[in-house]
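Protein chains in written order, with the working numbering: chain A, 1 to 296; chain B, 1 to 435.
The structure appears right after this line, and notes come after that.
This is the structure in structure tokens:
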């Protein structure tokens with residue numbers, strides 16, 4: 001081993017120490033603490049009195065119909081959002097991927113909702129979804145009215161509430177994924193596209209055989225990130241429907257929040273958080289596996 | 001190696017001498033106080049009350065260290081402090097949450113802080129709100145009131161006669177009045193369903209349940225089974241649902257105060273809107289107790305109040321602060337003037353001449369005669385959230401009985417877990433034995 005290499009090896013821990021130390025204090029230690037609490041009857045107001053209860057919290061959660069409802073809602077939300085948002089983001093990216101400066105404005109317009117604070121958007125969309133009452137109605141119902149369709153109680157109809165929130169979430173998040181696709185589109189080799197065009201490939205053939213294969217990694221990234229983000233659903237339903245009607249928009253994160261701060265059942269809340277983490281990790285790994293197999 | 005200059009004996013002597021000097025000069029005793037952040041006028045009043053406390057206790061070397069926390073962080077902040085055994089000596093709590101703090105063993109009983117005569121001076125609702133299992137743990141300097149305001153001019157236009165002063169309509173009379181107003185082309189009543197806080201729903205509409213002979217939780221606060229979804233509650237809330245089914249009130253209002261805007265004839269609302277309503281309507285403004293579903297009206301009450309920490313370092317000083325902040329002259333008067341709430345002490349009303357006139361006289365009358373605190377139970381936070389969710393759905397047309405049963409099941413699940421947990425973790429007697 002050269003002396004230079006030896007110094008490197010000796011210096012490495014010194015340079016790593018601050019980062020590792022911070023990670024240990026702010027990530028690893030709280031996680032371990034939460035893992036311990038998840039196996040106790042810890043009370044938020046008196047965690048010092050916690051007693052070991054084994055896996056009882058996990059068993060209770062799996063049997064808790066409201067927690068299962070929250071998981072089902074969140075999964076349904078992800079199923080609604082991920083394909084639509086990914087497809088829409090790709091379409092928008094293909095549309096606005098032009099060099100003329102005028103298009104930059106359009107890109108900005110689509111990106112704006114991702115920068116605005118979610119609570120503001122939640123209030124805005126609550127107004128958009130206003131039901132018809134006393135001759136007044138929100139814009140969503142005004143559109144239906146113009147089409148000759150009956151008005152809907154968007155956020156109070158058990159069948160419509162979650163899809164309505166999903167639509168709002170797609171609108172809010174699509175700009176970010178569009179930007180990721182735009183970045184990906186810059187890596188599609190121009191020569192390849194031109195060659196395809198000379199060979200007589202139409203727009204669809206170019207998309208199917210040139211652009212999409214080149215975007216595969218970007219696509220994988222977008223799908224994974226959108227899935228994780230949609231599983232973290234909380235603010236929109238919490239502010240727009242409070243999880244209602246009848247728990248139809250209750251998300252896992254809201255359930256964990258309520259367990260922590262309303263029932264103040266710290267042990268169960270930690271168990272819920274770990275169960276949630278496990279599901280999201282498994283989903284992400286599964287997705288990665290799927291993408292890799294496609295590549296082979 | 002030699003230890004040259006440090007001599008333990010000298011150091012000890014110096015320390016003892018210093019202690020004697022400090023003790024002789026009366027050490028400064030600091031009461032640590034936490035308070036939720038309210039309106040700016042309230043915060044200013046609280047600072048003034050604390051300043052006056054310091055001035056009055058300067059000779060005893062007693063002073064208060066006041067810290068404000070934003071409303072939404074307050075529970076988290078207290079929880080973390082409780083876990084770290086670092087609660088302040090005194091802190092304010094929203095009334096219905098007192099029982100939870102008592103259950104966690106964080107509050108000291110107050111029975112010895114006030115004499116019987118002094119306690120008699122507090123409104124009965126304020127005493128009831130702070131009493132858990134027969135012991136007093138919290139007292140406030142103000143209370144709240146909820147009434148049905150009405151516009152006499154709109155009533156006259158629709159041919160509606162209000163009940164005699166201080167009396168409530170029956171629910172049928174209320175619905176009939178709504179019908180008359182609607183027929184006259186006037187929007188009947190505002191119920192403020194756009195309030196984002198769950199607490200509005202429980203605060204404003206549990207009187208409907210109570211006057212109908214029902215309750216939200218069992219008398220001992222340890223169960224909701226067969227109480228929350230009782231036949232009486234289903235009947236009462238079906239009657240309540242009529243208001244929305246017949247379009248007497250909006251289920252999704254946008255305007256926070258349609259009454260002052262002149263668009264509705266009645267306003268189901270609290271003392272906090274009284275000044276604005278009086279200013280806008282003058283003698284045209286009327287107020288009556290909430291309509292009743294049974295033989296007697298029931299009113300809502302309760303607000304933020306003060307408790308003392310069991311872990312207080314100087315419990316005598318902490319009690320001194322509590323006496324000050326709930327004192328009619330030093331605490332109640334400046335605070336009630338700042339936030340417009342109802343003074344919690346009978347002797348304080350002399351300073352508020354408006355309480356001899358409507359609508360303010362009704363506030364006091366209700367609190368003295370027929371107001372009822374929200375359930376004092378450790379799982380109140382869950383209960384209020386579930387009840388509010390059920391009310392939102394019922395207003396939007398949900399079937400009352402199954403919706404109430406769903407709420408009851410969910411609350412009971414939390415209750416069962418809680419009491420199972422505490423049965424193994426901390427039997428009640430061992431908790432009482434704690435200092």
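Glycine residues also receive a C-beta, built at the ideal position from the N, C-alpha and C atoms.
The beta-bridge partner set that DSSP reports for residue 92 of chain B consists of B/306. For residue 188 of chain B, there is no enclosing alpha helix (DSSP H); the enclosing beta strand (DSSP E) has its first and last residue at 187-190. Given a length threshold of 4 residues, each whole run of the alpha helix (DSSP H) inside the stretch 314-354 of chain B is given here in chain order: 315-325, 333-339. Non-local C-beta neighbours of residue 74 of chain A in its own chain, meaning closer than 7 Å and more than five positions away in sequence, comprise 231, 233, 251, 252, ordered along the chain. Interface with chain A (7 Å Cβ-Cβ cutoff): residue 393 of chain B is included. Between the C-alpha atoms of residue 333 of chain B and residue 348 of chain B there is a straight-line separation of about 6 Å. Think of a sphere of 8 Å around the beta carbon of residue 105 of chain B: the chain A residues whose beta carbon falls inside it are 46, in chain order.
By the 16-neighbour rule on beta-carbons within 10 angstroms, residue 194 of chain A is exposed. Not a single CB atom of chain A sits nearer than 7 Å to the CB of residue 314 of chain B.
With distances taken between CA atoms, residue 367 of chain B lies nearest to B/125 out of B/48, B/125, B/377, B/247. Our two residues, residue 246 of chain A and residue 380 of chain B, have alpha carbons roughly 20 Å apart in a direct line.
Around the beta carbon of residue 156 of chain A, a 10 Å sphere encloses 16 or more other beta carbons of the protein chains shown; the residue is thus reported as buried. Residue contact with chain A for residue 330 of chain B: absent (no Cβ-Cβ distance below 7 Å to any residue of chain A).
In this chain, the beta strand (DSSP E) harbouring residue 269 of chain B covers 264-270. Restricting attention to A/77, A/111, A/130, A/107, the CA atom closest to the CA of residue 396 of chain B is found in A/130. Residue 208 of chain B is outside the set of residues whose beta carbon lies under 7 Å from a beta carbon in chain A.
At the C-beta level, residue 240 of chain A and residue 122 of chain A come within 7 Å of one another. The alpha-carbon separation between residue 213 of chain A and residue 235 of chain A amounts to approximately 35 Å. In this structure residue 341 of chain B is in contact with residue 271 of chain B, their Cβ atoms being roughly 6 Å apart against a cut-off of 8 Å.
Under DSSP, residue 32 of chain B takes part in a beta bridge, and its partners are B/65. The alpha-carbon of residue 409 of chain B is positioned some 26 Å away from that of residue 50 of chain A.
Of all residues in the stretch 251-276 of chain B, only 251, 252, 253, 254 come within less than 9 Å of chain A when Cβ atoms are compared, listed by chain position.
Around the beta-carbon of residue 198 of chain A, fewer than 16 other beta-carbon atoms lie within 10 Å, marking it exposed. The stretch 55-74 of chain A makes no contact with the stretch 219-227 of chain A, as fewer than three CB pairs between them are under 8 Å.
Remark: three or more beta-carbon pairs, one from each stretch, lie closer than 8 Å, so the stretch 109-125 of chain A and the stretch 161-179 of chain A are flagged as touching. Excluding the 5 residues flanking it on each side, residue 98 of chain B has same chain C-beta neighbours closer than 8 Å at 107, 129, 130, 132, 137, 138, 305, 307, 376, in chain order.
Under the 8 Å Cβ criterion, the stretch 231-238 of chain B does not count as touching the stretch 309-326 of chain B, having fewer than three qualifying pairs. When beta bridges are read from the DSSP output, residue 132 of chain B appears opposite B/135. In the structure shown, residue 231 of chain B falls within a helical segment according to DSSP collapsed to helix, strand and coil. Residue state for residue 116 of chain A is assigned as coil, using DSSP reduced to three classes.
Assigned with DSSP and collapsed to three states, residue 381 of chain B falls in helix. Under the three-state reduction of DSSP, residue 114 of chain B is assigned to coil, being neither helix nor strand. Ranked by Cα distance from residue 195 of chain B, the options B/38, B/89, B/254 are led by B/254. Counting every other CB atom within 10 Å of its CB across the protein chains shown gives residue 59 of chain B a total below 16, marking it as exposed. Beta-carbon to beta-carbon, residue 202 of chain B and residue 81 of chain B are separated by about 26 Å, too far to satisfy the 8 Å threshold. In the three-state DSSP reduction, residue 63 of chain A falls in the helix class (H, G or I).
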